[in-house]
Amino acid sequence: MSQVRVRFAPSPTGFFHIGSARTALFNWLYARHTGGVFILRIEDTDRERNQDDYLQLIYDSLSWLGLNWDEGPGAGGDFGPYRQSERTHIYREYFEKLKAAGRTYEQDGAVYFKLLGERYEAYDDHRKKTVTKVRNAPAVIDDRIRGRVERTEDEDLVIIRSDGNPVFHFVNVVDDITMGITHVIRGEDHLSNTSKHIELFKAFGVPVPEYAHIPLILKSPEMGKGKMSKRDQGALIGDYQQRRFRPEAVVNYLALLGWNPGDDREKMPVEDIIRLFDFPGINQSNAKFDPKKLAHMNMQYVHEMSEAEFEMENVASMSTSVTTSNWVQESHFPEVLRLAHPKIKSIDEVPEYTRYFFTEDYPIDDKVRTKVLAKGDPKARLDELIAALEPADFSSDTAIEEAIKALAEGKGLGFGDYQAVARLAVTGTNAGPSITSIFRVLGRERTLGRLRRFAGTI
RNA sequence: GUCCCCAUCGUCUAGCCUGGUCCAGGACACCACCCUUUCACGGUGAUGACCGGGGUUCGAAUCCCCGUGGGGACGCCA
């Protein structure tokens, strides 16, 4: 059997979103699984709505996700050009073929593709007008995911607009023919279009490619009904990139949306996904997007990052913000990251989580304050702690722990009686690394300064 | 409205093709407990689903039909 050639064919008319990414991913996975070719083709025939920014975003997002293309813009290939705006001569040539076969006609300045069959007038309830229908035999789609699907195409369709630009259905088919596409893997929303495409393939006298219509990604119940769109919360790939999500986590999650390896495995390296990925593992029903599960997947990948990797990502992330760019210069920055790493769920929450390590200007959580101050005698505990820490050894967690434990024991109390109020004073919250680590990293001066300052407010 | 696709816990899903091993398994979320100096992580456990109705069969989550529900398409957008 000849080599598999698949394509991802986005149009640069909007932000790159989850749905497009998943379609790209499934094509890429299939190409990698079969040792085939993954082609990137830019469908920019709608000149009005195309934008260079959106085009760049497609390249950036695919690259970020690791979905490298073998042929396409920037990669070359023998079937180019790979932007439809540069392929007009090819469309012209294929249009002439149809014209020569007597399968086109002009109307209102546009060129129509003529279906074969008897014509009749009928009222269309959806468009609220009378249209010309054609008695046509159903097109048979032998779909690798849906099975045999029949749909009758019963209206001529525009293939060249009155402004001279060819239309999606036409260029899509011509490109699939001329680029030697063997498998068309795309969203189920195209299933109804497929009959149009099959009629065109037949008119050109060439065999149709294999079709695989993958399920759609729908909004989560909280987001509403219908399919996910670029306007939905969490729909944009660029957002995850900005938030420093792990691209492998996004890929892993997306792969599981509509596909599974057939067993309970979820978190798996992309090599394994490639090995196991195939049409039988793809579901037929649509899947709702779950931001929480994606976040969980991302957390798992973040936690297994190496220290160096985690630091690099955070430096990159925090350097871009004016408030945090100074933090990365601090000598204790690496140590703070080591403390935060196992505690946080995603990289974009690190700045807020570690704020008090870098500035005296950290907020005091009112709710926590009220709660902590309501218990026991916090003022007394704070004063005792200050006295005990003044001469203490701050060089290690255990040294600090010994000092506090000795203090607690002397008063007939426990470590916990000092922990909560000390944490509130020094961090403003009730969450964070162990209090001894915080003290150690902050150092004696800053720790005592904060304890004294806070003691003065209660 | 017409046409097309789909239907297992709130969500993602295994099981369905090749009926019995399923009073339906895993994961996320939620709840409880454990771990613990806080908060997380982690661990243990709990709650939670075969859309409805017919049929086929000794037996149906699994096969068939009809409803219903969900999704999509119906552009000189892609």
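Per the numbering used here, residue 355 is the first one in the first sequence, and the count goes up by one each step.
Ideal Cβ positions, reconstructed from N, Cα and C, are used throughout, including at glycine.
Keep in mind it's a predicted model, so treat the numbers as computed, not measured.
Other residues of its chain near residue i: CB distance less than 8 Å, five sequence neighbours each side excluded
i, result
"D478", "T484, V485"
"V682", "N668, V669, M672, S673"
"V465", "F449, T458, Y459, V512, I513, I514"
"A742", "A757, I758, A760, L761"
"E738", "L761, K765, Y772"
"E680", "Reading the sequence as shown, one finds Asn at residue 680 and not Glu. Correct list, in chain order: F712."
"G768", "A762"
"S750", "R794"
"S516", "D462, G463, A464"
"S700", "R597, R598, F599, A649, N652, M653, V656"
"L452", "T458, F467, I513, A557, F558"
Own chain partners of residue i with C-beta closer than 7 Å, once the 5 adjacent residues on each side are dropped
i, result
"M577", "D586, Q587"
"I444", "V528, T532"
"V704", "N668, A694, I698"
"G773", "Here residue 773 turns out to be Gln, not Gly, going by the sequence shown. Contacts found: I789."
"N404", "P366, T367, D398"
"R602", "The identity of residue 602 in the sequence shown is Glu, whereas the question assumes Arg. Only V624, Y655 meet the Cβ criterion."
"D813", "As shown, the chain starts at 355 and ends at 812. That puts residue 813 outside it, with no answer to give."
Bridge-paired residues (DSSP) for residue i
i, result
"K483", "D478"
"A589", "Looking at the DSSP assignment, A589 forms no beta bridge with any residue, so it has no partner."
"Y466", "Y459, V512"
"R361", "I393"
"I568", "G541"
"I636", "W613"
"H371", "L590"
"R473", "V488"
"E425", "I393"
"K581", "L572"
"D437", "A quick correction: the sequence has Arg, not Asp, at residue 437. In the DSSP output, where bridge partners are listed per residue, R437 has I396."
"A641", "I571"
"G430", "G426"
Selection from the options that minimises the alpha carbon distance to residue i
i, options, result
"I812", "S791, G768, A728", "A728"
"L411", "R629, R600, F369", "F369"
"A589", "A375, V391, V358", "A375"
"D618", "V624, E625, L610", "L610"
"F748", "S791, R540, G730, G616", "S791"
"K487", "D497, E507, S685, A493", "E507"
"D543", "G559, P561, H537, L570", "L570"
"G797", "F380, L767, A753, A809", "A753"
"Y408", "P366, P745, M659, I568", "P366"
"Y378", "G592, S583, L608", "What sits at residue 378 in the sequence shown is Ala, not Tyr. Nearest of G592, S583, L608 to A378, Cα basis: L608."
"G616", "M666, E602, T388, F631", "F631"
"F392", "D398, Y436, Q405, T399", "Y436"
"G592", "E397, L572, N637, Y413", "Y413"
"S583", "N784, G635, F643, N547", "F643"
"A557", "A455, S356, H387, N381", "A455"
"R502", "V560, Q595, H567", "H567"
"F664", "K646, P688, I396", "P688"
"F522", "D462, P745, D400", "D400"
"D462", "G518, P563, A734, G390", "G518"
"R500", "S639, V562, E744", "S639"
"R800", "E744, E755, P787", "E744"
"Y716", "F808, Q596, K482", "F808"
"M666", "D720, I628, S417, R692", "R692"
"G389", "Q357, H371, S546, E504", "Q357"
"L419", "S685, G770, G786, W382", "W382"
Close Cβ partners of residue i (< 6 Å) along its chain, the five nearest in sequence each way excluded
i, result
"G803", "none"
"T678", "M672, P705"
"N784", "V722"
"N637", "P569, G612"
"R489", "G471, E472"
"A363", "R395, E397"
"A491", "none"
"R361", "I393, R395, I535"
Closer than 7 Å: residue i CB and nearest the ligand FMN heavy atom
i, result
"K729", "The ligand FMN is absent from the structure shown, which contains no ligand whatsoever."
Inside the region 485–543 only - beta strand (DSSP E) runs reaching at least 3 residues: 493–497, 501–505, 511–514, 537–541
Continuous alpha helix (DSSP H) assignments of at least 4 residues falling wholly in the region 648–708: 661–673, 687–694, 704–708
Cβ contact (3+ pairs, closer than 8 Å) linking the region 466–481 and the region 423–436: no
Any alpha helix (DSSP H) of 4 or more consecutive residues that is wholly inside the region 588–622: 591–596, 601–610
Inter-stretch contact at 8 Å, needing at least 3 Cβ pairs: the region 795–809 / the region 775–786: yes
Inside the region 746–796 only - alpha helix (DSSP H) runs reaching at least 4 residues: 751–765, 770–781
Contact the region 613–631 vs the region 548–567: 3+ CB pairs below 8 Å: no
Three CB pairs or more closer than 8 Å across the region 706–714 and the region 588–607: no
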